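Protein chains in written order, with the numbering used here: chain A, 1 to 675; chain B, 676 to 1041.
By construction, the Cβ of each residue, glycine as well, lies at the ideal position given by its N, Cα and C atoms.
Predicted, not measured: the structure shown is a model, and the values here were computed from it.
This report concerns only the one structure given below.
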Amino acid sequence: MELTATALPALGQAMELTFQANVMIHLVLGVVMGLCIGIFPGLGGIAGLSLLLPFMFGMEPMSGLALMIGLVAVVPTSDTFASVLMGIPGSSASQATVLDGFPLAKRGEAARALSAAFASSLFGGLFGAFLLTFFILIARPIVLEFRTPELLMITAFGLSMVGILAGRIAIKGIVAAGLGLLAGTVGEGDSAGALRMASYDLPYLTDGFKLVIVGLGIFAIPEIVALLRQDRAISDRQVLGGGWLAGARDWLANIWLSVRCSAIGVIVGVIPGLGGSVVDWIAYGHAVMTTRDTPSFGSGNIRGVIGPESSNNAKEGGGLVPTLLFGIPGSGSMAIFIGAVALLGSGQIEVGPSMIKNNLDVTDAIVWMLALANVVGTLICIAASGGIARITTIPFRLLAPFLFMIIAFAAFQSGQSIMDLVALFGFGMIGIMLRRFDWSRPAFLIGFVLSNPAETYTNQAVQIAAFRFRKSFEDGIDYLVSPIVIVLIIMTAVSVILGLRQARNMRSEGDVPSGAKRAPVLFLLVVLAYLLVAFVNASLIPDHSAADRVFPRFLAAVSIVGALLLLVQMIRSPEGHPVFADRERVDRAEGMRGLWPTLSWFAGLLFLTTLTGFIIALTVFLLTYFRLRANQNWAGTLLLAGAGILFICTLAGILNREFPPGLLQEQVHLPWPLR
Amino acid sequence: MGLSKRLLASAIAATMALLTPNLTSAHMLDLSGKTVEWIIPFSETGGSAKWANFYAPLLSEALPGEPTVVVKFMPGAGSTKGANWFQEQDYADSNGTLIFGSSGSTQFPYLLGDPRVQYEYRDWNVVLASGTGGVAYLPTELADMMNGVDASPLQGTDFIYGSQGATRLDLVPLLAWEMLGLNVEPVFGIKGRGDGRLMFERGEANIDYQTSSSYLGGVVPLVEAGTATPMMSWGALDADGNIVRDPTFPDMPTFKELCEATDSCETSGEQWEAWKAFFIAGFPAQKMVFLPKGASEDAIATYTAAFETVKARSDFAEISASRLGKYPQITGSGAAAALDSATNVPDEARAFVVNWLQERYGVSLN
């Protein structure tokens, strides 16, 4: 065959290209940088590659590629640290890891969770690279089979994961997903530019909310605030010895789960247009559905770590397919990658349709580098995991202010507007309430992630299908009902049915006690009020922009029905029914600090930032916090605060980022980092 | 001052900088040890990012003192956010360490009177204008239906086009196809022209356009494989402002040629004038580099000389051809003229397009 005739020699040439001293050095350098960047929540491949861009021009192509591939490949490896140790999604690819990884860390099994995650990441990365070697030659026609109806069905399949993660009361999960989907529609519509729940007077809203902010707000802030209220270390036990061996054994025992989830990662990564943010959820859902012991999910089942972590590294391999073959970036970091490749050397490598034909050896070399980077990155992480896991034994009151600092900084990077901080706080409040009343936070986030693809693909599929039907009925049916669509419909249906059955046993938020009626009902009424406003707001969109009206109005209507059903259930149920889940009851009983005083520390930091800018506000915040809240003496206070300021300034300096400015900065021109 | 004179001047300035560093400060900024921030009002993923990333390292070498040049992305509201921000900046705050890169998507809302626009091009100081072109293409079986350059046989076909929005640069192809009498239905909501090409490749869209560099990279392989055939280029402007064949695609007919050959299309009248005005605003000077309002003559001269040095590199033609296409990279008074033509459309053209957007796509710009 012609393919093998060209493919095999290219594979050999690729090895020669990869295994050169200077290429390897650059690869390791990239891996180390990628690991460092991945550790910080909210910073991912985009930040890392942007950092490399200025050095790419005229660089020797293979070295430059090694640097970039090394960096991109390991971000989903090291982002596990934040997810497992802090309960903060290290990046959008590690959201699902939080669900079981963090409870494991709380039980003192952080090292086990980490090493199982790294073993899975390694396997996923290698598996992705292995598949890619062959797949890249035949992928083109397969990728082209995924037209808009197929993309829409994959989106629907992703949404079906809400069924599994809905929690004890399925309707709550569905309404939570509806809220997430609605949050994703805020801003200018993609089809006709109509505004949904936004106004040109608040330009920030017209662009919609960014995933970084929603993810940090929904997951990170509630956890940090809850831990801070308890005032102890993340894990109240000593770190279990020998954890990393146990984790590796866990992975080996679940190797087939890892294989399947890696395959899921590659497949979802290959399809352009969906992005990686949903891969981990699909893998997590798969892990739940294929496990008998569902109740332990959400409270520290190791399979809940292995699944998502296998998939998110495999996704990077898959994501290279549309990037290399079509020149279409599957993610933000791939978009920068494409731009950077053009800068290398004298620009003779061009990502896109001509890549396979003209640079097959380079393409294969990229695959080799991807595999190698995964190995190197994992080894470094496993070596470090035992030590880093000890972070869970540090009293949390000493960690929390630094986490607030990093989160606020990362959130600001997404839109470089002070409104980013307001939005972060707003979503933090929503997250706290969802957590308190046991509404599924994962469902909310899945809804948000898939909102835009769901709306866009629905609109486009409907429009193109109508166009085809006008030609002929057969043409339209052919377009809509392809074999892939049928398979996906079956998969979605199975997933919903199995998921809802499993969901009843599953506590994705752990055990939440039930309490009195008043607070849960009040929260439901607030939700209902928002849904009604959103419905009216969407209904007011005029006819010529109807394409932007249908989706939010439909969502709001479905969610309103769900909320009303829930209200009826609440009226008819006695106190103590699971529908009145309210975490605050036990929290207060256990003598925890109040929610509002704890939250007001963070609110204070954000508010002060709007006045004096970030660095001054942070200085005041750290000093008062460590002195008053953490009861440090002045030496300790100055030391900790100084370390924090130095750290964030160094980070921003290296990445060349700005800090949020306040009113003061509008009046006076200050030097960096104060400006 | 002519180009060669300018080059001579900058060469002299550079020599003087080597010999007597103190004397040069009167004419050229010294940016040694400084960091120049180049604001791009789009995300890291678009064409403007590619363009700025191409120029940034070259500019760094060419500016006196070799400052670090970093590209900063400030996306939002289709670039109006970043442009509004730049409008607030005074030269005195940055002293030559802040520049801004605008694109056609910054120009169009300005021209159409979008209520969110608070920026004013006339306040800024242009130092570079980069042109580009565009090519429309069809599936080969549809292109074969054309009667030479007469598009009339295509008028019975229904077309689907993946579009980013009618008020964006897509306005130019959409209006052109309508003038040719083609029934093109735009499918909105795609995120970039690359997605539009993918839609075409999947057979969901059956007409598309790409800017020149994307056409060279993404569509030429399809043309070679026989699945796509170019329909027309938008053309380029000659020195007298006439539309002529695009130098990057000398064998491809322009829209003007197709329009002349197609009975239902007129190369005169308000529709044609409107198309031409928006084509000129969107393509021949698509991307521009500005210094903020109040910039000193020294700063303008420094940056102008720097971009001229870049253009004068012996390898510039080679490295820019694949990244930017063979288009004029205009500096000095030429750039000012390009800015003028790109940001001034006749009132009738504006009124026509605003009305057309309202009637055809229901887009209200108030």
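About 18 Å separates the beta carbons of A:S559 and A:G187, which is beyond the 8 Å limit, so they are not a contact pair.
In the structure shown, A:M59 adopts coil according to DSSP, grouped into three states. A distance below 6 Å between beta-carbons, with the five flanking residues on each side excluded, links A:E455 to the following residues of its chain, in chain order: F551. In terms of Cβ geometry, B:L850 and B:W713 do not form a close pair [threshold 9 Å].
For A:L424 against A:A443, the beta-carbon gap comes to about 20 Å, at or over 8 Å, which does not count as contact. Proximity of A:D543 to chain B, defined by a Cβ-Cβ separation below 9 Å, is satisfied. Closest in C-alpha terms to B:F954, from the list B:A1026, B:D845, B:N770, B:T904, comes B:D845.
About 6 Å separates the Cβ atoms of A:E584 and A:R436, confirming a contact at the 8 Å cut-off. For B:M820, there is no enclosing beta strand (DSSP E), as DSSP marks it with neither H nor E.
Interface residue (Cβ-Cβ distance to chain B less than 9 Å): A:N313 is not classified as such. By the criterion of a C-beta distance shorter than 6 Å, A:L8 is surrounded by no residue of its chain, once the five residues flanking it on both sides are discounted. Per the Cβ contact rule, the region 65 to 72 of chain A is in contact with the region 28 to 41 of chain A (3 or more Cβ pairs under 8 Å). For A:N631, no alpha helix (DSSP H) run applies, since DSSP gives it neither H nor E.
By the Cβ test, the region 943 to 962 of chain B is not in contact with the region 855 to 870 of chain B, since fewer than three Cβ pairs between them sit closer than 8 Å.
Non-local beta-carbon contacts of A:L655 in its own chain, meaning distances under 7 Å to residues more than five positions away in sequence, involve A47, L51 in chain order. In the three-state reduction of the DSSP assignment, A:I571 falls in the helix class, which pools H, G and I.
B:A903 sits in a strand when the DSSP states are folded into three classes.
Setting aside the 5 residues that flank it on each side, B:T929 is surrounded in the same chain by M907, S908, W909, G910, I918, V919, R920, D921, each with a C-beta closer than 8 Å to its C-beta; the list follows chain order. Excluding its 5 nearest sequence neighbours in each direction, A:P673 has C-beta neighbours in its own chain below 7 Å: I615, C649, A652, F659, listed in chain order. Taking 8 Å as the cut-off between beta carbons, the residues of the region 988 to 1016 of chain B near chain A are D990, E993, I994, S997, R998, in sequence order. In the structure shown, A:R229 adopts helical secondary structure according to DSSP, grouped into three states.
Taking a beta-carbon distance threshold of 9 Å, A:D207 counts as an interface residue toward chain B. Within chain A, I464, F467 have C-beta atoms less than 7 Å from the C-beta of B:I835, given in sequence order.
Annotation note: the region 59 to 124 of chain A contains the following uninterrupted alpha helix (DSSP H) runs of length 4 or greater, listed N- to C-terminal: 61 to 86, 95 to 106. At least one beta carbon of chain B lies nearer than 9 Å to the beta carbon of A:F146. With the criterion set as a beta carbon lying under 8 Å from some beta carbon of chain A, the region 945 to 977 of chain B has no members that meet it.
Here DSSP, grouped into helix, strand and coil, assigns B:Y794 to coil.
Listed in chain order, the positions of the region 869 to 887 of chain B with a beta carbon within less than 9 Å of a beta carbon of chain A are G869, D870, R872, L873, M874, E876, R877, G878, E879, A880. Closer than 7 Å at the C-beta level to chain B, one finds these residues of the region 446 to 458 of chain A: T456.
In this structure A:G173 is not in contact with A:S451, their Cβ atoms being roughly 16 Å apart against a cut-off of 8 Å.
Of all residues in the region 767 to 800 of chain B, the ones placed with a Cβ closer than 8 Å to any Cβ belonging to chain A are D768, P790, R791, in chain order. Put simply, the CB of A:D190 is near chain B, with a gap under 9 Å to one of its CB atoms.
Scanning B:T710, B:V711, B:D1022, B:P905 for the CA closest to the CA of B:P814 turns up B:P905. Where B:Q764 is concerned, there is no enclosing alpha helix (DSSP H), because DSSP gives it neither an H nor an E. With fewer than 16 other Cβ atoms from the protein chains shown falling within 10 Å of its own Cβ, B:N822 counts as exposed.
With contacts defined by Cβ atoms closer than 9 Å, A:G332 and A:L257 do not form a contacting pair.
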